[in-house]
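There are 2 protein chains.
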Amino acid sequence: METFTDLIDRDKVQQCPKHYVLALTDTLNVINGKWKLPIIASLLHGRVRFKDLLENIEKITPRMLSKELKELEINGFVKRQVYDQTPVLIEYLLTDSGKHITKVIDAMIDWGMIHRAESIKSRWQ
Amino acid sequence: METFTDLIDRDKVQQCPKHYVLALTDTLNVINGKWKLPIIASLLHGRVRFKDLLENIEKITPRMLSKELKELEINGFVKRQVYDQTPVLIEYLLTDSGKHITKVIDAMIDWGMIHRAESIKSRWQ
DNA sequence: AGTCTTAGTATACAAAAGTATAGTAGTTAT
DNA sequence: ATAACTACTATACTTTTGTATACTAAGACT
Chain A
13 METFTDLIDR
23 DKVQQCPKHY
33 VLALTDTLNV
43 INGKWKLPII
53 ASLLHGRVRF
63 KDLLENIEKI
73 TPRMLSKELK
83 ELEINGFVKR
93 QVYDQTPVLI
103 EYLLTDSGKH
113 ITKVIDAMID
123 WGMIHRAESI
133 KSRWQ
Chain B
13 METFTDLIDR
23 DKVQQCPKHY
33 VLALTDTLNV
43 INGKWKLPII
53 ASLLHGRVRF
63 KDLLENIEKI
73 TPRMLSKELK
83 ELEINGFVKR
93 QVYDQTPVLI
103 EYLLTDSGKH
113 ITKVIDAMID
123 WGMIHRAESI
133 KSRWQ
């Protein structure tokens, strides 16, 4: 597949297709904000309950957790599963799309680590 | 190098090292907000002047452009070069780190496009 | 002297994101 | 009857992010 890097290399970025821009802003929306990545990290373990997320993620309030989970669900990133027991059991889990975001996270960590190394180096030049 | 995906696969994410988290938030800080990616996209063409950025990036105000460029400069992502001519010429350009962010952008576009395809599919199931 | 250009800054405001704290509904346990 | 647990919601507030509009400084141009 043709990548963004390819487009840049050929100095064609001005014609960067709209579906690329859409895909990019989609991804940004999914990971952006203070709590999205911590939530995703917690869900990568498997199915988790509201209460456990509240405990695992330091300092998040129920309001923010509820809001973010709703957004992630609407965006098809997270599934909310209700088990009709008593007491009611509700579990959150990542969809397949949700699981695949690790590729993006890897690329981000990769860049971030190289970038840190380079900014330290350049301070001593 | 050990990736985030590796950590998840081995169910070890709880011990996810701090430098990974730092690298990840660094990257997120660089690309998030409304204007960062449009500015980066414009700078990928080469050296650009303030005025040209104002024209290339639709609807950005000089205040926001100035603010974002300063942040990107502080983060070692962009370089500001002053040519002592008359009239003064100032050019902005990406550092090497800045250029390499295309890898992250590629991963994001990739995920975004697959995710879009999957959410459309799942609507008809 | 007045206008143009470049590269911004200043001030005030609106909107979005996040925080703090308390409360609710439906059980279950004592 | 009262207390506890789960999964939230409500209200009010603060902080951050972004917008609108106008202005400045320094030289060049006429």
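Protein chains in written order, with the numbering used here: chain A, 13 to 137; chain B, 13 to 137.
For every residue, glycine included, the Cβ atom is placed at its ideal position computed from N, Cα and C.
Along the segment 83-123 of chain B, the beta strand (DSSP E) occurs as fully enclosed runs of 3 or more residues at 90-95, 101-106, listed in sequence order. Counting along the chain, Leu40 (chain A) sits inside the alpha helix (DSSP H) bounded by residues 30-43.
Assignment of Arg135 (chain A) by DSSP, reduced to helix, strand and coil, places it in the helix class. Across the set A:Leu34, A:Leu49, A:Lys30, A:Gly45, the C-alpha of A:Leu49 shows the shortest separation from the C-alpha of Val116 (chain A). Cβ neighbours of Ile69 (chain B) within its own chain (closer than 8 Å, five residues either side excluded): Trp47, Pro50, Ile51, Ser54, Leu77.
With respect to chain A, the C-beta atom of Val116 (chain B) has a partner C-beta closer than 9 Å. The beta carbons of Leu40 (chain A) and Met120 (chain B) sit about 7 Å from each other, so the pair counts as a contact at 8 Å.
Straight through space, the alpha carbons of Tyr95 (chain B) and His112 (chain A) are spaced by roughly 46 Å.
A check of alpha carbon separations from Asp108 (chain A) across A:Leu101, A:Asp122, A:Glu85, A:Arg128 identifies A:Glu85 as the nearest. Per the DSSP secondary-structure output, Arg61 (chain B) pairs in a beta bridge with B:Glu103.
Ile51 (chain B): member of the alpha helix (DSSP H) spanning 48-55, first to last residue. Here DSSP, grouped into helix, strand and coil, assigns Lys79 (chain A) to helix.
Chain-order list of chain A residues neighbouring Asp64 (chain B): empty, with the shortest C-beta distance near 13 Å, by a criterion of under 7 Å. Within a 10 Å sphere around the beta-carbon of Trp123 (chain A) sit 16 or more other beta-carbons, which makes this residue buried.
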